[in-house]
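Read in order, the letters of the sequence shown are residues 4 to 270 in our numbering.
Note that CB positions come from ideal geometry on N, CA and C, so glycine has one too.
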Amino acid sequence: MTTRGLKKRVAESFSRRVTVYDDHAREQRVAASALAECAGQYAVGLPEGPVLEMGCGTGLLSIELPAIFPGRDLEFTDVSPAMITYCREKIAAAGIAHPGIRYTVVDGEQLACEEHYAMICANFSMHWFTDLAASLRRMVRALKPGGKLLCSYPGAGSYREWHRECESLHVPCTANPLPDHPSVARAFVHEAVEVRQWEQELVMRFSTAHAFLRHLKCTGAGTPTGQGAPPLALAQMRKLLRGWVEHASGGIEVTCVIHFLAVERSG
């Protein structure tokens, strides 16, 4: 699949799930809350300039930013037009009046400006970048000196129970590969920045394996990037669904390792 084809497929997947996304976005909601708290801590001492959120989705983080940055212009962007519409309507329905909000449908990997933003945030979106290292460098270069980049993403080690069950049942695991701390840090080797990384584990319970896979699908995360195993045949899927439940009576637990990234561009 071409890069353009993958981006189109991802955008369409998120657009189709926009009305059910918030009902299933457990990992995304926890990450958004943590990023909002972090943004509030960094708000004091930022350089002048607007704040950009890349991959705003349904607005889980966006809805918190107007109160944190009442005097700054805010740019909420996403590759999915339906997500942008939903985010705009959610913020309006909440009665949030902030004259400096702008909504734009844009591919976050095409960020081309330099030294423009005071802060860039990305909640559960950067793992979809087709060239993660280059995209992270562009984001940092788009910051003003002293500006901050704040990101969250499902990182390496996430959904390990899924991987383990597939291995046990001799079924290919179709999970997409996820970034790890070292590979993310390497993106900034030649940049004048200070990098901080940390993580938080979220253990989620589901009644069945089918409920877990539906959870991924309803948050758009079930879209294959072409880097993992191909989709399972029907017989393989049945084997996984049946075997996983048999190994975990009373429901299943799945762990998401939420990775966080904070980068400050040197002044």
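Under the DSSP definition of a beta bridge, E56 partners with F79 and C124.
Runs of the beta strand (DSSP E) spanning 3 or more residues and lying entirely within the segment 184–244 occur at 196–209, in chain order. With respect to the 8 Å criterion, A28 and V82 are not classified as neighbours on the basis of their beta carbons.
Following the DSSP letters along the chain, one finds V257 in no alpha helix (DSSP H) but inside the beta strand (DSSP E) bounded by residues I255 to R268. Using a Cβ distance threshold of 8 Å, R20 and C221 count as a contacting pair. Collapsing the DSSP output to three states places C169 in a helix. The residues T258, in chain order, have a CB closer than 7 Å to that of R163 in the same chain once the five nearest residues on each side in sequence are set aside.
In this model, R75 and I99 are separated by some 14 Å (Cα to Cα). Taking the C-beta atoms as reference points, P157 is found nearer than 8 Å to H130.
Between M122 and L49, the gap from beta carbon to beta carbon is short of 8 Å. Taking a contact as a CB-CB distance under 8 Å, the pair I71 and A39 counts as one, their CB atoms being some 7 Å apart. When secondary structure is reduced to three states using DSSP, G48 falls in the coil class, being assigned neither helix nor strand. In the pairwise beta carbon analysis, the segment 242–250 is classified as touching the segment 167–186: at least three pairs are separated by under 8 Å. Following the DSSP letters along the chain, one finds C90 inside the alpha helix (DSSP H) bounded by residues P84 to A96. Residue range Y24 to H27 is occupied by the alpha helix (DSSP H) that includes Y24. Proximity to H193 across S155, V143 and T177 peaks at V143, based on C-alpha coordinates.
Its chain contains A188, F191 and V266 as the residues whose beta carbon lies nearer than 7 Å to that of V198, once the 5 sequence neighbours on both sides are disregarded; these appear in chain order.
DSSP, read as helix, strand or coil, puts C41 in helix. Around the C-beta of Q31, 16 or more other C-beta atoms lie within 10 Å, and the residue is accordingly described as buried. Residue state for G246 is assigned as helix, using DSSP reduced to three classes. Assignment of L114 by DSSP, reduced to helix, strand and coil, places it in the coil class. Of P227, S36, H119 and P234, the smallest CA-CA separation from L77 is found for H119. Assignment of V108 by DSSP, reduced to helix, strand and coil, places it in the strand class. Ranking F79, C116, G60 and P175 by CA distance to the CA of F127 puts G60 first.
Burial of P69 is indicated by the presence of at least 16 other C-beta atoms within 10 angstroms of its C-beta.
Contact check for C124 against E56 passes: the beta carbons are separated by less than 8 Å.
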